[in-house]
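Presented below is the structure to which this report refers.
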Amino acid sequence: MAQIRGTAGYHLGGPNPFGGPKTEVADPSPLDAIREQTSKIEDILDTVSEPIKPYLPAIGRFLIVVTFLEDALRIITQWNDQLVYLNSYRHIPSGLTHLFLLVNVVTMFVCSTMVIIRKHSDYAVAGLMGVVITQALGYGLIFDLNFFLRNLSVIGGLIMVLSDSWVRKTKAFAGLPQLDEKDRKMYFQLAGRVLLIFLFIGFVFSGEWSVWRIGVSVIGLIACIMVVVGFKAKFSATLLVLILSVFNVLVNNFWTLHEHHPHKDFAKYDFFQILSIVGGLLLLVNSGPGQFSIDEKKKVY
């Protein structure tokens with residue numbers, strides 16, 4: 000019997016003795032080679048993370064809202080400073096400043112708790128998104144590019160909370176086609192994946208360049224692209240979690256700064272915001288990229 004030597008299509012196999020068509024084995028594409036290697040890494044990660052897998056959704060939801068909890072506590076502990084800033088620098092009338100801060104604090108505490116315990120997630124996420132928008136307007140940060148990109152990622156994490164909380168059910172509306180919640184989940188998973196990576200884009204285009212920064216940026220951007228298109232999304236999201244966690248501890252180590260250091264509050268704010276994005280990525284690792292992804296299309300075809 001003739002043997003096929005190699006897979007590069009040299010036609011060495013000869014005709015089929017039964018008169019059928021010749022069989023040729025195609026060379027694996029680079030995409031398939033990458034998929035094979037990352038699959039092995041994913042299998043190792045699955046084995047290592049097996050003990051904490053049942054707790055990943057709860058950990059992810061907590062990390063997503065931790066920046067709101069920290070912000071609420073900061074407003075309470077710096078109440079007078081916040082009032083002075085809003086009144087003197089933002090020229091908001093005195094009575095409205097009290098109302099603005101009070102509403103923000105209550106909303107952040109209540110909605111964050113609802114996200115953690117997974118109750119009325121739709122309303123909780125809407126409330127926290129409202130906080131992001133009102134604070135951007137109230138503190139005059141709406142045109143700050145770094146703030147804008149970071150909060151897009153935070154919103155991406157909140158959208159991941161929504162997609163994680165929805166179960167498959169159908170809602171009927173008078174005069175409208177039935178809306179399958181599973182379909183909504185697919186769209187929201189896609190939106191969440193896209194928004195989550197904006198934090199890393201902000202990291203790439205801010206700060207001073209170095210060899211270390213260039214290397215991390217290249218690896219991170221590749222992982223971001225993989226997350227967006229849904230190619231080995233769990234592996235690439237895990238890689239981003241590791242990169243952001245190491246970066247967070249090394250760069251935003253606010254606990255090493257003196258109590259009155261001018262950058263302490265900024266470092267603390269950045270630290271907890273990155274934790275929120277890490278939480279969104281953990282939800283992505285747990286639930287997968289959804290049907291609008293290369294990973295899911297590969298399963299179909």
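Just so you know, numbering that gives the first Met the number 0 puts 137 at position 138 of the sequence shown, and the rest follows in order with no gaps.
C-beta: ideal position from N, C-alpha, C; glycine also.
Measuring alpha carbon to alpha carbon, tell me which residue in the options is nearest residue i.
{"i": "K267", "options": "N251, L72 and L274", "result": "N251"}
{"i": "L238", "options": "L280, D264 and W254", "result": "L280"}
{"i": "V193", "options": "I224, V284 and S164", "result": "I224"}
{"i": "V248", "options": "D269, D264, I91 and H259", "result": "D269"}
{"i": "I116", "options": "T133, V104, F146 and Y54", "result": "Y54"}
{"i": "R89", "options": "A236, C110 and Q134", "result": "Q134"}
{"i": "V226", "options": "I51, G191 and L151", "result": "G191"}
{"i": "F146", "options": "G201, K52 and N103", "result": "G201"}
{"i": "F108", "options": "T66, I43 and L98", "result": "T66"}
{"i": "G137", "options": "G126, V114, A71 and N103", "result": "N103"}
Could you tell me if residue i is buried or exposed, where buried requires 16 or more neighbouring beta carbons within 10 angstroms of its beta carbon?
{"i": "E69", "result": "buried"}
{"i": "E49", "result": "exposed"}
{"i": "K118", "result": "exposed"}
{"i": "G94", "result": "exposed"}
{"i": "V83", "result": "exposed"}
{"i": "S38", "result": "exposed"}
{"i": "T255", "result": "exposed"}
{"i": "T46", "result": "exposed"}
{"i": "L144", "result": "exposed"}
How many Å lie between residue i and residue j at the Cα?
{"i": "I158", "j": "V215", "result": "26 Å"}
{"i": "K233", "j": "I221", "result": "14 Å"}
{"i": "T112", "j": "L100", "result": "18 Å"}
{"i": "Y122", "j": "R73", "result": "24 Å"}
{"i": "N79", "j": "V228", "result": "46 Å"}
{"i": "I58", "j": "H260", "result": "31 Å"}
{"i": "I40", "j": "S244", "result": "19 Å"}
{"i": "F197", "j": "T76", "result": "30 Å"}
{"i": "R183", "j": "T96", "result": "38 Å"}
{"i": "G287", "j": "I91", "result": "44 Å"}
{"i": "I213", "j": "L148", "result": "20 Å"}
{"i": "V105", "j": "E35", "result": "49 Å"}
{"i": "L274", "j": "S120", "result": "20 Å"}
Leaving out the 5 sequence neighbours to the left and right, which residues in its chain are closer than 6 Å to residue i when beta-carbon positions are compared?
{"i": "F230", "result": "I293"}
{"i": "G219", "result": "F199 and I242"}
{"i": "G174", "result": "Note that G174 scores a pLDDT of 48, beneath 50, so its modelled location is shaky; the value from the coordinates is reported in the next line. So no residue of the chain qualifies."}
{"i": "V284", "result": "K233, A236 and T237"}
{"i": "V124", "result": "L157, V160 and L161"}
{"i": "M185", "result": "G289, Q290 and F291"}
{"i": "L85", "result": "I91 and T96"}
{"i": "L282", "result": "G59, M159 and D163"}
{"i": "A71", "result": "V104, M107 and F108"}
Which residues in the same chain have their Cβ closer than 7 Å to the Cβ of residue i, if we skip the five residues on either side of it in sequence?
{"i": "F187", "result": "I158, L161 and S162"}
{"i": "L189", "result": "G289 and F291"}
{"i": "V277", "result": "L62, V240, L243 and S244"}
{"i": "F253", "result": "K263, A266, K267 and F270"}
Is residue i close to chain D, meaning its C-beta is less than 8 Å from at least one C-beta of that chain?
{"i": "V245", "result": "Chain labels in this structure do not include chain D; a single protein chain is all it has."}
Cutting at 8 Å between CB atoms, please list the residues of its own chain near residue i, excluding the five before and the five after it.
{"i": "I154", "result": "M128, V131 and L194"}
**Request:** Quick one: which unbroken alpha helix (DSSP H) runs of 4-plus residues sit fully inside the stretch 200-266? Chain order, please.
**Result:** 210-228 and 232-250
**Item:** alpha helix (DSSP H) runs wholly inside the stretch 55-140, at least 4 long, in chain order
**Value:** 55-76, 78-83, 93-116 and 120-137
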